[in-house]
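J.: Residues 195 to 580 in the working numbering are what the sequence shown lists, from first letter to last. Don't be surprised by glycine CBs; every beta carbon is placed ideally from N, CA and C. These numbers come from a predicted model, not from an experiment. Below you will find the structure I want to go over with you.
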Amino acid sequence: MNIHEYQAKKLFEVFDIPVGLGEVAETPERAVEVATELGGNVWVVKAQIHAGGRGLAGGVKLCKSLDEVKSYAESLLNSTLITHQTGPLGQKVRKLYIESAANVSREFYLSLVLNRNTSQVCIIASAEGGMDIEEVAEKYPEKIINLSISAASGIQGYHARRVACVFGLLDKAKDFLALLQNLYEFYKGCDCSLIEINPLVLTTEGNLLALDAKVSFDDNALYRHASIQELNDPFEEDPSETEAKAHDLSYVKLDGEIGCLVNGAGLAMATMDIIKHYGGEPANFLDVGGSADKERVSKALQIILKDKGVKAILVNIFGGIMRCDIIAQGVIAAASEMKLDVPLVVRLQGTNKDLGKQILTDSGLNIIAADGLDEAAQKAVLAVKG
């Protein structure tokens, strides 16, 4: 689960991670009020969406008067911001964060993320702050460091000294030690999957400051954090993904043309891979789970069919705990209700596969049967290409 920058900074304050002064606003009038309350004569108006690249897309504005604050707020609120992370449709701006401008001397990149290869949280740091870390990795790979954190010992002095050295601020090693320790406590205590500060800045006054904040949480641990769950903004999620979550379905919308209904995350990934191998593009990742019932399967297919970009559907089921006849009944129920008008390729293997195939055959639906995954993927791609 992702949250907005202003929400992340409120949590940063709880863990003594230094941030600037700022407040959220949902109207131009409130934006001016916030700027007035903050004082000073320079402010930053930031669009609040769950995507990076806001600055390049015009979503971050430096204002040197209250009139500019109001003007920028009017232009940003309810506009659609398109960044390299939003996709071509962009994201509607519903909230702004008004922040006192900082006197920036230098910019850095700092993040904590889980390294799944080592099963350890790691620190990623670079002196090239303010840039996408992917761009830094491509252009200046030697300027990125990756430090693993032992779960037994946590943040140690050498972590801080190494980061300070990379940033050219060895005299600030103690400050980095405190910052890293607080970030790590936040990461562990709130079951984060990512904490990213880009940029972390050194002000002309000599202080470290998180000028931006991006935080993601492990969905599987949210049951332990009711207050964090309340931070979820449904407007920032695809409506289909929100609907799928409500029915305990793992669904991620993509930009392809072949809808996928699969049981098991690994099999779902393999299905997407093989579709691409044969020249197609998956329209979604969808795992109905190993113990889904007829209703859940039916709901999953309905969600896929709501995507107007879907031109064919591939159902790929390996029946273990889930029986193939249950899948078949769910497919028929959804297809009948939604008036299926795209090719449907079905591959069933495992428990009650023959019964499942018979149910589909007797349904009278226009179903393209396949025995193997290769065959199913090829038939789905051919169906799209006509």
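1. By alpha-carbon positions, which one of Ile469, Ala528, Leu443 ends up nearest to Gly450?
2. In terms of residues, what are the limits of the alpha helix (DSSP H) holding Cys359?
3. How many angstroms separate the CA atom of His198 from the CA atom of Glu430?
4. Does the distance from the CB of Phe479 to the CB of Ala462 come in under 7 angstroms?
5. Helix, strand or coil for Leu371? Go by DSSP, reduced to three states.
6. Excluding the five sequence neighbours on either side, which residues of its own chain have a C-beta within less than 6 angstroms of the C-beta of Ala319, listed in chain order?
7. Under a three-way DSSP split, which group does Arg541 fall into?
8. At the level of alpha carbons, what is the spacing between Ser387 and Val307?
9. Considering Cα atoms alone, identify which of Ile349, Ala345, Gly323, Ser347 is closest to Tyr337.
10. Since Lys286 sits in a beta bridge, which residues does DSSP pair it with?
11. Using the rule of at least 16 other Cβ atoms within 10 Å of the residue's Cβ for burial, across every protein chain shown, is Arg418 buried or exposed?
12. Taking the beta carbon of Arg310 as the centre, do at least 16 other beta carbons fall within 10 Å, making it buried, or is it exposed?
13. In the DSSP output, which residue or residues are listed as bridge partners for Pro476?
14. Just verifying my parser: in three-state terms, what is the DSSP assignment at Val525?
15. I need the straight-line Cα distance from Asp406 to Lys493, nearest angstrom please.
16. Within 8 angstroms, do at least three Cβ pairs link the segment 514-522 to the segment 545-556?
17. Let me know the alpha helix (DSSP H) ranges lying completely inside the segment 294-350, each 4 residues or longer, listed in chain order.
18. List the DSSP bridge partners of Ser444.
19. Identify, in the order they occur along the chain, each residue of the same chain with its Cβ nearer than 6 angstroms to the Cβ of Ala522, setting aside the five sequence neighbours on each side.
20. I'd like to confirm the pairing. Which residues does DSSP put opposite Ala563 in its beta bridges?
21. Do Leu275 and Gly253 have their C-beta atoms closer together than 7 angstroms?
22. With DSSP run on the structure shown, which of helix, strand or coil describes Thr555?
23. Kindly identify the DSSP beta-bridge partner or partners of Gly513.
24. So who's on the other strand from Leu394, going by DSSP bridges?
25. Quick check on Lys258: does DSSP put it in helix, strand or coil?
26. To the nearest angstrom, how far is the alpha carbon of Glu435 from that of Glu390?
27. If we count the other Cβ atoms within 10 Å of its Cβ and call it buried at 16 or more, is Glu293 buried or exposed?
28. Measuring alpha carbon to alpha carbon, tell me which residue in Glu207, Gly580, His278 is nearest Glu328.
29. Taking C-alpha atoms, which residue in Ser347, Ala295, Pro335 lies nearest to Gln314?
30. Let me confirm a value: Asn297 is counted as buried when at least 16 other C-beta atoms fall within 10 Å, else exposed. Which label applies?
31. With burial defined as no fewer than 16 other Cβ atoms inside 10 Å of the residue's Cβ, what is the status of Leu374: buried or exposed?
32. How is the alpha helix (DSSP H) around Glu199 delimited, first residue to last?
33. Can you tell me whether DSSP reads Lys439 as helix, strand or coil?
34. With H, G and I counted as helix, E and B as strand and the rest as coil, what does DSSP make of Cys518?
35. Taking the C-alpha atoms as reference points, what is the distance between Pro476 and Gly566?
36. Measuring from the CB of Asp385, is there a heavy atom of the ligand ADP at a distance below 6 angstroms?
T.: This is what the structure holds:
1. Ile469
2. Start and end: 351-361.
3. 9 angstroms
4. Yes, these two residues count as a Cβ contact at 7 angstroms.
5. The answer is helix: DSSP assigns Leu371 an H, G or I state.
6. Counting only Cβ-Cβ distances below 6 angstroms, and skipping sequence neighbours, we find Leu304, Ile339, Val357, Val360.
7. strand
8. 6 angstroms
9. The amino acid at residue 337 is misidentified as Tyr; the sequence shows Lys. Out of Ile349, Ala345, Gly323, Ser347, Gly323 has the C-alpha closest to the C-alpha of Lys337.
10. Thr274
11. exposed
12. The residue in question, Arg310, is exposed, as its Cβ has fewer than 16 Cβ neighbours within 10 Å.
13. Ile452
14. helix
15. Rounded to the nearest angstrom, the two C-alpha atoms are 39 angstroms apart.
16. yes
17. 327-333
18. Asp481
19. Gly550, Ile553, Leu554
20. Val540
21. With respect to Gly253, Leu275 sits close: the two C-beta atoms are nearer than 7 angstroms.
22. helix
23. Gly544
24. Phe302, Ala404
25. coil
26. 24 angstroms
27. Burial call: buried.
28. His278
29. Ser347
30. exposed
31. That one is buried.
32. 199-208
33. helix
34. helix
35. Roughly 18 angstroms separates the two Cα atoms.
36. Because no ligand of any kind appears in the structure shown, any question about the ligand ADP cannot be addressed here.
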